[in-house]
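Just add 3 to the spot in the sequence shown (first one is 1) and you have the working numbering.
Where a beta carbon is used, it is the ideal one built from N, C-alpha and C, also for glycine.
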Amino acid sequence: YDQAIDAEQSELDQDKRRAAIFKAQEIMARDIPFVAMYHPSLTQAYNKAKYTDVISVPGVWVWNIKSFMSARPITGDATYRVGFTGDMITLNPMATTGSFELDVVRFIWDTLGKVQPDGRIAPWMAERWTVVNPTTIRVVLKDGLSFHDGRLVTARDVAFTYSYILKWRPQWYRPNIAAIKDVQAVDDKTIVFNLNKPYGPIFLTFAWIPIIPEHLWKDIVEAQGVKSPAQVKTIPRIGSGPFKFASINPQSIRLARNDAHFAKPQSKEFLWIAFSNRESEFLAMVNQDIYFHEQKGLSVTHIDEAKKYPHLEVRDDPSLTVHWVAFNLRDHSPFRDYTLRHAVAHLMNTESYVKDILKGHGDAGRGMIAPANKLWHNAKIPSKETPGQVHYHQYDPAKAKKILQDAGFSWDKDGRLRYPADYKPKLLPTSEKDY
């Protein structure tokens with residue numbers, strides 16, 4: 004398994020990376036270090052009386068760049084009105100603290116690449132990129148890119164951005180730049196990335212890092228007397244993205260369409276409106292004060308309620324999320340015994356969990372990479388026992404008991420499986436967050 008993961012991490016050829024990741028999934032299905040319980044779906048709603056051509060993408064649903072560009076206003080109201088809950092953000096691209104803020108940042112500050120609906124990374128600001136060798140990548144920018152203040156975007160701005168992040172190491176971008184040695188501008192349109200080692204996910208980095216203008220950020224730390232870009236008080240909210248910064252206050256963020264952008268969006272404005280809780284946000288959807296809600300799905304109580312309103316389109320789409328039960332495989336754990344893991348895998352009623360607990364809003368677990376992630380999910384692994392093939396396991400208590408019996412396990416007079424007297428089993432949550 005480690006060899007497969009090491010191979011995919013260092014492989015820049017996407018087909019070879021997929022092969023390595025598929026192999027890793029086969030090994031996990033064979034060795035059963037965990038049991039994937041379910042892949043929850045996410046239910047979202049939007050105002051279909053106001054917008055059409057809304058595109059859903061697994062993992063981000065309607066909250067994706069393709070939908071933001073293509074969603075077309077039906078009425079004269081061309082403002083993309085979106086609700087969100089939580090704290091207001093600063094819109095400092097060097098101090099991003101979460102996925103929502105990063106989403107807004109990417110509207111203003113463009114990236115070299117974008118994740119496509121099928122999961123592939125495609126050039127965006129870049130016209131193309133070429134793997135020169137395993138540790139060198141050449142990127143060529145599109146013609147005519149410009150910042151919102153009219154200055155042209157050049158390779159120097161890209162090299163500056165990545166060098167700036169390498170120097171200051173903002174927390175949100177730190178993992179994405181670890182493999183980058185340096186970045187050089189060859190001419191006005193060409194950038195060369197030199198890596199410390201071959202790094203397969205480098206193209207995801209291209210879709211992650213927002214390009215900032217050198218002329219506004221080069222001396223900003225010294226000029227404002229702060230210790231890092233994250234502490235900048237007067238933020239130059241000038242990027243080259245499809246929307247330009249217009250205003251921000253405690254209740255809203257307003258962006259205006261960048262008519263000079265190569266992927267001119269259909270909406271004239273993007274307006275985020277803050278709400279104190281999910282209930283008030285949903286009420287605003289019902290009253291048509293907003294047309295979309297944040298990436299969080301509707302609550303269970305709101306799903307059925309939303310279906311009552313003819314102006315709301317309710318979509319239940321698969322997610323990339325995996326909820327699993329992992330086994331403790333440390334030295335003295337009984338779960339180091341494959342037989343025990345194999346038996347437990349047949350005791351997990353994943354189908355019933357989806358039906359009875361999730362009320363159908365999800366799919367039974369099929370490995371660590373969800374089926375909705377079609378580019379990377381190994382769909383060739385059967386979901387039930389198949390002779391001669393690595394496979395996942397279906398709920399079958401009788402089979403679980405036979406597996407244990409055949410391996411010499413025994414039960415006490417009360418029907419409880421015997422285990423060492425000094426073994427104290429307990430559940431160990433890996434995180435309190437719902438990924």
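Extent of the continuous beta strand (DSSP E) to which residue i belongs
i    : result
P321 : 315 to 321
W171 : W171 -> not in any beta strand (DSSP E); alpha helix (DSSP H) instead, spanning 158 to 171.
W327 : 326 to 329
According to DSSP, residues forming a beta bridge with residue i
i    : result
V143 : R131, T193
K117 : A125
G365 : P43
E272 : T82, A259
L198 : I183
W414 : L420
K247 : A259
H296 : G86
Y49  : F295, E316
N136 : T139
V38  : V328
F454 : The first residue shown for the chain is 4 and the last is 438, placing residue 454 beyond what the model contains.
S149 : L155
P76  : Y54
A188 : I194
Neighbourhood of residue i by C-beta distance below 6 Å, restricted to the same chain and skipping five residues each side
i    : result
F285 : H305
I256 : W275
A52  : H314
K436 : With a pLDDT of 44 at K436, under the threshold of 50, the modelled position of this residue cannot be trusted; read the value that follows with caution. Nothing meets the Cβ criterion.
A39  : V325, W327, G368, G370
A403 : A346, H349, L350
Segment limits, alpha helix (DSSP H) that includes residue i
i    : result
D106 : 102 to 111
T88  : No alpha helix (DSSP H) holds T88; the beta strand (DSSP E) holding it covers 82 to 88.
N179 : 177 to 180
D409 : 400 to 409
I58  : Looking at the DSSP string, I58 is not in any alpha helix (DSSP H), and its letter there is neither H nor E.
R344 : 341 to 348
H218 : 217 to 220
E11  : 5 to 12
S73  : 68 to 73
V306 : Checking the sequence shown, residue 306 turns out to be Ile, not Val. I306 -> alpha helix (DSSP H) spans 303 to 309.
L207 : 205 to 209
Q227 : 223 to 227
Buried versus exposed call for residue i [16 or more other C-beta atoms within 10 Å across all chains shown]
i    : result
V229 : exposed
E297 : buried
G391 : exposed
Y438 : With a pLDDT of 35 at Y438, under the threshold of 50, the predicted position of this residue should be treated as unreliable, and no value is reported.
A48  : buried
Q408 : exposed
S413 : exposed
Y426 : exposed
S270 : buried
K362 : exposed
S59  : buried
W132 : buried
E282 : exposed
T164 : buried
T237 : exposed
D106 : buried
K170 : exposed
R421 : exposed
P245 : buried
A410 : exposed
N50  : buried
H151 : buried
P173 : buried
Contact with chain B by residue i, beta-carbon distance below 8 Å
i    : result
G228 : Any reference to chain B falls outside this structure, which holds one protein chain only.
Contact set for residue i: own chain, Cβ-Cβ below 7 Å, skip 5 residues either direction
i    : result
G365 : Y41, H42, P43, S44, V357
G504 : Nothing in the structure corresponds to residue 504, since the chain is present only between 4 and 438.
F71  : P268
D319 : S44, T46, H364
P96  : V108, W112, P213, I215
V289 : Y312
V393 : E29, A32, R33, I384
F265 : K145
K192 : V143, L144, A158
Neighbourhood of residue i by C-beta, 8 Å cutoff - its chain only, sequence neighbours within 5 removed
i    : result
N197 : T138, T139, I183, K184, D185, V186, Q187
K14  : Here residue 14 turns out to be Glu, not Lys, going by the sequence shown. Same-chain partners within the cutoff: R20, A23, P201, G203.
P374 : H42, P321, D366, H380, A382
P400 : H349, L350
L378 : R21, D121, G122, R123
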